[in-house]
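Structure record follows, encoded as structure tokens.
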Amino acid sequence: MKKYCITLLGMLLVSSLASASPRIIITKATLIDGINPDRPNMTMILDGDKIVSIADSQQPYSQRPTDKIIDAENKFIIPGLWDAHVHLTFIPEIDYQTYYDLFLKNGITSIRDTGAVMSKLTPAINYASNNPYATPRLFFAGPLIDGADRVYKGEEPGFPELSIGIDESSDVDQIVDNLVTQGASFLKSYEMLSRPTYLRLLDIAKQKGLRVTGHIPLSISLMDAIDAGLGGMQHIRNLELACANDAEGLQNVRTDLLTNSNNKAGSALRSQIHSLQRYSAIENFDEQRCTKIIQALARHNVFQTPTLTINTFGSQRLYSDQNWRDTYDYLPPLIKESWLAQSLALSDNSVDENALIFEDWSMKVVKLFSENNVKILAGTDTPIGFLTPGFSLHKELELLVKAGLSPREALTSATVSPAEFFNLQTQMGSLDVGKVADVLVLNKNPLEDIRHTQDINLVIAKGVLQSN
Ligand SMILES: [Zn+2]
Numbered sequence: 019m020k021k022y023c024i025t026l027l028g029m030l031l032v033s034s035l036a037s038a039s040p041r042i043i044i045t046k047a048t049l050i051d052g053i054n055p056d057r058p059n060m061t062m063i064l065d066g067d068k069i070v071s072i073a074d075s076q077q078p079y080s081q082r083p084t085d086k087i088i089d090a091e092n093k094f095i096i097p098g099l100w101d102a103h104v105h106l107t108f109i110p111e112i113d114y115q116t117y118y119d120l121f122l123k124n125g126i127t128s129i130r131d132t133g134a135v136m137s138k139l140t141p142a143i144n145y146a147s148n149n150p151y152a153t154p155r156l157f158f159a160g161p162l163i164d165g166a167d168r169v170y171k172g173e174e175p176g177f178p179e180l181s182i183g184i185d186e187s188s189d190v191d192q193i194v195d196n197l198v199t200q201g202a203s204f205l206k207s208y209e210m211l212s213r214p215t216y217l218r219l220l221d222i223a224k225q226k227g228l229r230v231t232g233h234i235p236l237s238i239s240l241m242d243a244i245d246a247g248l249g250g251m252q253h254i255r256n257l258e259l260a261c262a263n264d265a266e267g268l269q270n271v272r273t274d275l276l277t278n279s280n281n282k283a284g285s286a287l288r289s290q291i292h293s294l295q296r297y298s299a300i301e302n303f304d305e306q307r308c309t310k311i312i313q314a315l316a317r318h319n320v321f322q323t324p325t326l327t328i329n330t331f332g333s334q335r336l337y338s339d340q341n342w343r344d345t346y347d348y349l350p351p352l353i354k355e356s357w358l359a360q361s362l363a364l365s366d367n368s369v370d371e372n373a374l375i376f377e378d379w380s381m382k383v384v385k386l387f388s389e390n391n392v393k394i395l396a397g398t399d400t401p402i403g404f405l406t407p408g409f410s411l412h413k414e415l416e417l418l419v420k421a422g423l424s425p426r427e428a429l430t431s432a433t434v435s436p437a438e439f440f441n442l443q444t445q446m447g448s449l450d451v452g453k454v455a456d457v458l459v460l461n462k463n464p465l466e467d468i469r470h471t472q473d474i475n476l477v478i479a480k481g482v483l484q485s486n
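Residue numbering for the sequence shown follows my numbering, beginning at 19 and increasing consecutively.
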């Protein structure tokens with residue numbers, strides 16, 4: 019019974035929405051998704067939150083006086099998109115309604131919040147459940163589950179309170195049950211967890227049918243985490259260590275440092291470990307070894323959210339592009355001013371060589387993921403790194419294609435694969451009768467150029483036409 023709780027949650031999510039608007043009939047469109055062959059000249063009928071019919075446009079259909087008919091000749095329909103890595107509470111000055119508006123405006127009809135304490139996230143959850151037609155579908159993990167010496171505890175600049183800290187004395191069962199009661203549908207682990215506590219968390223999550231994604235704790239090797247049932251990874255973090263030809267030696271150094279003989283704060287200790295080890299690990303990249311690990315990730319269904327937008331923060335430097343900075347106009351005035359000032363100041367600096375090395379490595383690994391059929395989720399880490407909500411997901415799609423995914427694979431990473439992460443693939447993620455009515459009408463073919471996902475004609479979320 020417990021094993022199926024994700025699916026049950028998903029069904030509730032879908033079926034609780036009664037029909038709130040007239041049927042929408044889109045005619046003469048080309049249908050493109052990550053599963054079906056492309057279907058030109060089709061008529062799609064949406065009724066409430068369901069796709070109820072897909073048929074050749076030459077076939078007649080029975081019309082009702084209240085139907086809204088949309089002629090989509092020469093246009094393309096794709097499923098609504100996901101951003102699978104979002105932090106709604108990271109910058110409290112950006113209110114959740116701004117996030118929701120920007121996601122919908124950009125065709126992002128589902129989001130996965132990957133770390134927020136429940137007391138701060140609750141208003142955003144309540145707003146979404148009270149205003150389902152003005153918000154994307156919201157999936158959340160609740161807090162980062164970190165070790166006793168947690169990183170995001172709200173005591174240092176740049177480290178807002180996003181986490182809880184647990185150790186061997188914690189009642190993990192109870193903590194996870196509480197999160198599920200509050201609506202969490204997956205868990206996010208963090209880097210300062212001790213090995214036994216992390217293994218216990220994975221075990222309890224497995225019993226309750228929850229996937230644990232996150233940062234691999236520094237106390238455990240990636241292969242051990244895979245064997246213990248980890249469900250996903252963010253930012254490709256710690257793969258650099260596992261892929262180094264001296265991975266065991268690096269892990270031993272790491273274990274030593276974690277004894278924390280200088281009593282550093284968790285955030286400082288974690289940063290110290292990464293700056294000591296990341297680039298030497300990348301320098302000692304062993305492709306054969308890495309391919310084996312990546313094949314294990316594929317075999318064990320460990321979903322990867324590479325967040326290339328954040329991994330290339332210092333190399334792609336979106337913030338130095340005037341067009342990108344124009345997206346700040348949609349943010350609250352105080353944030354807009356602050357992001358502009360910081361962006362201009364940073365743009366004056368020269369590109370850091372390590373940033374280029376990190377981009378190069380991230381792109382190479384994502385290509386290996388794609389070649390080895392690892393499940394990839396498009397996610398950004400917005401609003402970190404001046405990544406404007408909504409707009410940034412389209413940049414992630416561009417970067418995934420730049421790394422070596424085909425445009426269709428990039429679309430899959432923002433549609434089919436996130437649905438699979440939540441075991442909701444029978445209900446959403448592709449354009450099939452019976453699936454949810456989250457669809458975008460695009461002016462141009464996204465398979466010809468992934469940037470065409472930005473040329474949005476219409477957004478329909480939960481069967482309701484959004485005003486853009
Ligand atoms: Zn994050």
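Cβ coordinates follow ideal geometry from the N, Cα and C atoms, glycine included.
> So is the beta-carbon of D399 under 6 angstroms away from any non-hydrogen atom of ligand 1?
Replying inline: yes
Exercise for the section: Tell me whether M381 sits in a helix, a strand or coil according to DSSP, three-state version. Expected result: helix
inquiry  = Taking DSSP's pairing of strands, which residues face F177 in a bridge?
reply    = Looking at the DSSP assignment, F177 forms a beta bridge with E174.
What residue range is occupied by the uninterrupted alpha helix (DSSP H) comprising R288? 284-301
My output table needs one value for Q269: the three-state DSSP class, helix, strand or coil. Residue state for Q269 is assigned as helix, using DSSP reduced to three classes.
task: Taking only heavy atoms of ligand 1 into account, decide whether any of them is closer than 6 angstroms to the Cβ of T406.
output: Outside the cutoff, so no.
Should T132 be counted as a contact of ligand 1 given a C-beta to heavy atom distance under 6 angstroms?
At least one heavy atom of ligand 1 is found less than 6 angstroms from the C-beta of T132.
Assigned exposure category for S293 - 16 Cβ within 10 Å defines buried = exposed
- Message: Do T323 and V104 count as a contact pair if the criterion is CB distance below 7 angstroms?
- Response: Against a cut-off of 7 angstroms, the Cβ pair of T323 and V104 comes out as no contact.
**Asked** What three-state label does DSSP hand H233 in the structure shown?
**Response** coil
message: My output table needs one value for Q472: the three-state DSSP class, helix, strand or coil.
response: helix
- Reducing DSSP to helix, strand and coil, say where D347 ends up. helix
Suppose you measure from the CA of R469 to the CA of A428; what does that come to, to the nearest Å? 11 angstroms
Let me know if S187 comes out buried or exposed under the rule of 16 or more other beta-carbons within 10 Å of its beta-carbon.
-> exposed
Query raised in the report: Taking contact to mean at least 3 C-beta pairs separated by less than 8 angstroms, is the stretch 254-263 in contact with the stretch 286-300?
Result: yes
Q: Go ahead and label D456 buried or exposed: buried means 16 or more other beta carbons lie within 10 angstroms of its beta carbon, across all protein chains shown.
A: buried
* Who pairs with P97 in a beta bridge, going by DSSP? -> V457
Query raised in the report: Which residues mark the beginning and the end of the alpha helix (DSSP H) in which G250 is found?
Result: DSSP places G250 outside any alpha helix (DSSP H); the residue lies instead in the beta strand (DSSP E), whose first and last residues are 250-252.
Query raised in the report: What first and last residue would you give for the alpha helix (DSSP H) that runs through V194?
Result: Counting along the chain, the alpha helix (DSSP H) containing V194 begins and ends at 190-199.
Worksheet item: What is the C-beta distance between P350 and E91, in whole angstroms, given that I count them as a contact (C-beta under 8 angstroms)?
Response: With 8 angstroms as the limit, P350 and E91 do not qualify as a contact, their Cβ atoms being about 39 angstroms apart.
On the DSSP bridge assignment, give the partners of L156 in chain order.
-> Looking at the DSSP assignment, L156 forms a beta bridge with I129.
Can you give me the start and stop residues for the alpha helix (DSSP H) that R168 sits inside?
No alpha helix (DSSP H) holds R168; DSSP gives it neither H nor E.
Fill in: Euclidean distance between Cα positions of Y151 and Q484
9 angstroms
With a cut-off of 8 angstroms on the beta carbons, I'd call A134 and P161 a contact; round off their distance for me. 7 angstroms
Please tell me whether D101 and S448 are closer than 7 angstroms, where the distance is taken between their beta carbons.
no
Practice item. Report yes or no: do the stretch 392-406 and the stretch 71-88 share at least 3 C-beta pairs separated by less than 8 angstroms? Key: no
Exposed or buried, E174, counting other C-beta atoms within 10 Å across all chains shown (16 or more means buried)?
exposed
request  = Would you please state the rounded distance, in angstroms, between the beta carbons of L374 and S333? I believe it to be under 8 angstroms.
outcome  = 5 angstroms
Margin query: I need the DSSP call for Q322, collapsed to helix, strand or coil.
Written below: In the structure shown, Q322 sits in a strand (DSSP, three-state: E or B).
**Q.** Distance, S239 Cα to I163 Cα
**A.** 18 angstroms
Would you call Q192 buried or exposed, if buried means 16 or more other Cβ atoms sit within 10 Å of its Cβ?
-> exposed
Q) What are the residues that DSSP puts in a beta bridge with I63? A) I43, S71
- Would you kindly report the start and end of the unbroken alpha helix (DSSP H) that includes L315? 305-317
Measuring CB to CB, does I126 end up less than 7 angstroms from V451?
no
TODO: State yes or no: is the C-beta of V230 within less than 7 angstroms of the C-beta of L220?
DONE: yes
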